[in-house]
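A.B. asks:
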Amino acid sequence: MSAPPDPRRDWLSLMARSAPERLAEVLPDLPAHALLRAPETGTVMVQGRVSATGAPFNLGEMTVTRCAIRLDCGTVGHGHVQGRSHAHARRAAVVDALMQTDEAPRLTPLLEGLRTTAQAARDLRAAKAAATRVEFFTLQRGEDA
Amino acid sequence: MYVAVKGGERAIDNAHAWLAEERRGDPDLPLMSVAQIRAQMTLAVNRVMAEGSLYDPDLAALAIRQARGDLIEAVFLIRAYRTTLPRLGASVPLDTGAMAVDRRVSATFKDLPGGQVLGPTFDYTHRLLDFAEAAAVDPAPLAQPDPAPLPHVTQILDRDGLIEPIAPDDSPAPDLTREPLELPACRALRLQALARGDEGFLLSLAYSTQRGYGRTHAFVGELRIGRVAVEMEIPELGFSIEIGEIELTECETVNQFKGSRLEPAQFTRGYGLVPGQSERKAIAMSLVDRALRWQELGEDFTGAPAQDAEFVLSHCDNIQATGFLEHIKLPHYVDFQAELELVRRLRADAHTALQEAAE
């Protein structure tokens, strides 16, 4: 189902899933850019599958905000992020463009920081879940004894 | 026929001003923040997202505050807001097998690959009111997670041919938010309606199947709650990216079998998938889904409400239901006047007839 690993796909996904405040903290200043498509909030219909693996069905929508920008050098960036933050979508689009330029080496460690934060949050939940792992035993019933 | 009324503008404005004051409550108490509702009333937020059919916890929390905690009114606000947003596209179908699980239990197998994980559950609590609930809580204990994948329990049965197979299918999903519901409805359309349906309605219907009205003898093969990435194809890019992550509750039931002399007996399936943490609704949805499949599985229609797709699908949406129900409290003066005159005339006719008979 997933496309092959692609660095651009990877950083775009990371932008979408990062908290807007966290991204703004890591990248407070944005370079000059023109809006190709102003930030726009809409919905995406999320699809599930019948019995997890069968035909697709429409589960319900989620809010998504998208934006497209062009840097002065002409590089185009696209942002698609969960939620309704215009600033988040715009910042994601700028990062997408910058990552295609020779600014990429400067940004990469910042993005790694975001990835580490996200992974740490995921690991913490997994560790809490693991602590509630249970072994059930069936008891021998009296009449069978 | 409904005839509109006009007037009362000042009274309406004043009523709304009073509503705002009542909503705010005691001004000496701090205003509840949307963030607080989102963080501490999470399951109410989840319910509003599921039945509002829009995954956005901040919006759902805002709606709950505005609706004074009336969750159906909050769902109404979300549904109304949703109609103002453009549809940007549809996701790639979710891969719930890749869920980062908080909870995963099976009532059918005690030892299953990946293990059983209770998660943050109300189960096994004593349901005693805690009058001294502490503001600060100890952090939850941690343990080393098992990195092994968590296959769906039904896959284990499927491997041995013990459960009806699910054929791979990529036919486009019908969408009842775009096309009015038409019957007979395919399973994909039914699941969409149930996923946004009222939890209380589905709970009662599911319970009715357990009590014998369309019995399907369901076991919870697996119930899992956790987070799944949402992917979408982006046309400008020509590939798919993750556009976010949502929490889901998924329930797969393993139900009584079908089979014949030619086809060996196999368990059958019911399916529930609900946005957010909502296991009561996910279990109910899978029971109702299974009951609605009677025809496809060659079972008898016993007249049970949960088997009747027209009945279930036409009544499960609480916004449609409350809209029609509550509209009868609005002015129907002309309507009622007509009926009043009819009753008066009938009574007068009857009176005349009685008098004539007496003479």
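In order, the protein sequence lines correspond to chains F and R.
Going by the numbering used here, the residue at position 45 of the first sequence is 188; the numbering climbs one at a time, nothing skipped.
Going by the numbering used here, the residue at position 217 of the second sequence is 222; the numbering climbs one at a time, nothing skipped.
The beta carbon of each residue, even a glycine, is placed where N, CA and C say it ideally should be.
Keep in mind the model is a prediction, meaning the values are calculated, not measured.
Using CA coordinates, which residue listed in R:Val259, R:Asn323, R:Gly102, R:Arg220 is at the minimum distance from Ala153 of chain R?
C.D. replies: R:Gly102
A.B. asks: Could you check the C-alpha separation between Val8 of chain R and His337 of chain R for me, to the nearest Å?
C.D. replies: 7 angstroms
A.B. asks: What are the partner residues of Ile212 of chain F, as DSSP defines its beta bridges?
C.D. replies: F:Leu178, F:Gly220
A.B. asks: For Glu26 of chain R, which of R:Asp322, R:Leu253, R:Arg73 has the nearest alpha-carbon?
C.D. replies: R:Arg73
A.B. asks: Along chain F, which residues have their Cβ under 7 angstroms away from the Cβ of Pro146 of chain R?
C.D. replies: Ala274
A.B. asks: Using a C-beta cutoff of 8 angstroms, does Thr101 of chain R count as contacting chain F?
C.D. replies: yes
A.B. asks: Which ranges does the alpha helix (DSSP H) cover as unbroken runs of at least 4 residues, wholly within the stretch 167-241 of chain R, from first to last along the chain?
C.D. replies: Entirely contained in the stretch 167-241 of chain R, the alpha helix (DSSP H) runs reaching 4 residues are, in chain order, 192-200, 204-215.
A.B. asks: From F:Asp153, F:His221, F:Gly185, F:Glu204, pick the residue whose C-alpha is nearest to that of Ala198 of chain R; which is it?
C.D. replies: That would be F:Glu204, whose Cα lies nearest to the Cα of Ala198 of chain R.
A.B. asks: At what residues does the alpha helix (DSSP H) containing Thr259 of chain F begin and finish?
C.D. replies: 247-274
A.B. asks: Kindly indicate which three-state DSSP category Ala4 of chain R falls into: helix, strand or coil?
C.D. replies: No statement about residue 4 of chain R is possible, as the shown extent of chain R runs from 6 to 364 and does not include it.
A.B. asks: For a contact meaning CB atoms closer than 8 angstroms, what does Asp149 of chain F contact in chain R?
C.D. replies: What Asp149 of chain F touches in chain R: Phe244.
A.B. asks: Going by C-alpha to C-alpha distance, which of F:Asp149, F:Gly222, F:Ala167 sits closest to Ile239 of chain R?
C.D. replies: F:Gly222
A.B. asks: Use the C-beta contact count for Leu207 of chain R: other C-beta atoms within 10 angstroms, 16 or more gives buried, fewer gives exposed.
C.D. replies: buried
A.B. asks: Over what stretch of residues does the alpha helix (DSSP H) that includes Phe127 of chain R continue unbroken?
C.D. replies: Going by DSSP, Phe127 of chain R is part of no alpha helix (DSSP H) at all; its letter is neither H nor E.
A.B. asks: On the DSSP bridge assignment, give the partners of Arg108 of chain R in chain order.
C.D. replies: R:Ile230
A.B. asks: By the 7 angstroms beta-carbon criterion, what residues does the stretch 260-289 of chain R contribute toward chain F?
C.D. replies: Arg274, Tyr276, Leu278, Pro280
A.B. asks: Would Phe127 of chain R be called buried (16 or more neighbouring beta carbons within 10 Å of its own) or exposed?
C.D. replies: exposed
A.B. asks: Should Ala314 of chain R and Ala190 of chain R be called a contact, given that it needs their Cβ atoms to be closer than 8 angstroms?
C.D. replies: yes
A.B. asks: In whole angstroms, give me the CA-to-CA distance for Val277 of chain F and Asp107 of chain R.
C.D. replies: 13 angstroms
A.B. asks: Report, in whole angstroms, the separation of the C-beta atoms of Leu155 of chain F and Asp239 of chain F, which I expect to be a contact under 8 angstroms.
C.D. replies: 6 angstroms
A.B. asks: Could you tell me which residues DSSP puts in a beta bridge with Thr184 of chain F?
C.D. replies: The partner list for Thr184 of chain F (beta bridge, DSSP) reads F:Thr208.
A.B. asks: Could you give the uninterrupted runs of the alpha helix (DSSP H) lying entirely in the stretch 49-84 of chain R, keeping only those of 4 residues or more?
C.D. replies: Under the rule that a run must span 4 or more residues, the alpha helix (DSSP H) segments found entirely inside the stretch 49-84 of chain R read 62-71.
A.B. asks: Output the distance between the C-alpha atoms of Gly217 of chain F and Asp18 of chain R, rounded to the nearest integer angstrom.
C.D. replies: 53 angstroms
A.B. asks: Helix or strand or just coil, what does DSSP make of Phe200 of chain F?
C.D. replies: strand
A.B. asks: Taking buried to mean at least 16 other C-beta atoms within 10 Å of its own C-beta, is Lys286 of chain R buried or exposed?
C.D. replies: buried
A.B. asks: Taking buried to mean at least 16 other C-beta atoms within 10 Å of its own C-beta, is Gly231 of chain R buried or exposed?
C.D. replies: buried
A.B. asks: For the structure I just gave you, are there three or more beta carbon pairs, one from the stretch 114-129 of chain R and one from the stretch 264-283 of chain F, closer than 8 angstroms?
C.D. replies: yes
A.B. asks: Going by beta carbon distance, what residues of the same chain come within less than 7 angstroms of Ala288 of chain F, once the five residues before and after it are set aside?
C.D. replies: Below a pLDDT of 50, predicted positions are generally treated as unreliable, and Ala288 of chain F, at 46, falls in that range; the measurement from the model is reported next regardless. So no residue of the chain qualifies.
A.B. asks: For a quick check, are the C-beta atoms of Met46 of chain R and Gly281 of chain R less than 8 angstroms apart?
C.D. replies: no
A.B. asks: I'd like to know if Thr251 of chain F contacts chain R, where contact means its C-beta is closer than 8 angstroms to some C-beta of that chain.
C.D. replies: no
A.B. asks: My output table needs one value for Glu284 of chain R: the three-state DSSP class, helix, strand or coil.
C.D. replies: Here Glu284 of chain R sits in helix by DSSP.
A.B. asks: Does the CB of Asp33 of chain R have a neighbour CB from chain F at under 8 angstroms?
C.D. replies: No - not a single Cβ of chain F is within 8 angstroms of the one on Asp33 of chain R.
A.B. asks: Can you tell me which of the three DSSP states Thr327 of chain R falls into?
C.D. replies: helix
A.B. asks: List, in chain order, every chain F residue whose beta-carbon is nearer than 7 angstroms to that of Ile239 of chain R.
C.D. replies: Scanning chain F for C-beta atoms nearer than 7 angstroms to the C-beta of Ile239 of chain R yields His221, His223, reported in chain order.
A.B. asks: Could you check what DSSP says for Gln283 of chain F in three-state terms: helix, strand or coil?
C.D. replies: Gln283 of chain F falls in the coil class under three-state DSSP.
A.B. asks: Hey, how far is the Cα of Ala363 of chain R from the Cα of His356 of chain R?
C.D. replies: 11 angstroms
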